[in-house]
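Under numbering that gives the first Met the number 0, the residue at position 51 of the sequence shown is numbered 50, and the numbers go up by one with no gaps.
One structure below.
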Amino acid sequence: MKQVVLLGTAPSSMMLAPYQNDEWEIWGCSPGTASAPRIDRRYEVHRWEPKQEWFSPAYVQLLKDFKG
């Protein structure tokens with residue numbers, strides 16, 4: 000059974016996730032996790048507001064293209 004990391008974007012802890020350990024799945028949310036070394040699943044918890052800066056065209060494309 001795999002364990003799950005729910006990855007947020009706090010700068011003080013984002014890089015502490017066990018990215019190199021395949022026994023953990025890394026689930027990322029929000030555009031701030033786009034630079035994480037590994038994301039196995041991606042989810043978005045924010046209300047859909049495409050005019051807000053965090054819903055940039057690049058982020059929306061990232062969500063569309065994600066294969067996790």
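Cβ atoms here follow ideal geometry from the backbone N, Cα and C, with glycine treated the same way.
Under the three-state DSSP convention, the category residue i falls into
{"i": "TYR58", "result": "helix"}
{"i": "GLU22", "result": "coil"}
{"i": "GLY31", "result": "helix"}
Nonlocal neighbours in the same chain, by C-beta distance under 8 Å from residue i, ignoring five residues either side
{"i": "GLY7", "result": "MET13, CYS28, SER29, GLY31 and THR32"}
{"i": "LEU15", "result": "none"}
{"i": "GLU43", "result": "CYS28, SER29 and LEU62"}
C-alpha gap between residue i and residue j, whole angstroms
{"i": "PRO36", "j": "TYR18", "result": "7 Å"}
{"i": "ALA57", "j": "ASP64", "result": "10 Å"}
Presumed contact (8 Å Cβ cut-off) between residue i and residue j, rounded CB distance
{"i": "GLY41", "j": "LEU62", "result": "A small correction: the amino acid at residue 41 is Arg; Gly does not occupy that position in the sequence shown. About 7 Å separates the two Cβ atoms, so the contact holds."}
Report yes or no: do three or more beta-carbon pairs, one from the stretch 12–27 and one from the stretch 46–56, lie closer than 8 Å? With the cut-off at 8 Å, the stretch 12–27 and the stretch 46–56 do not touch.
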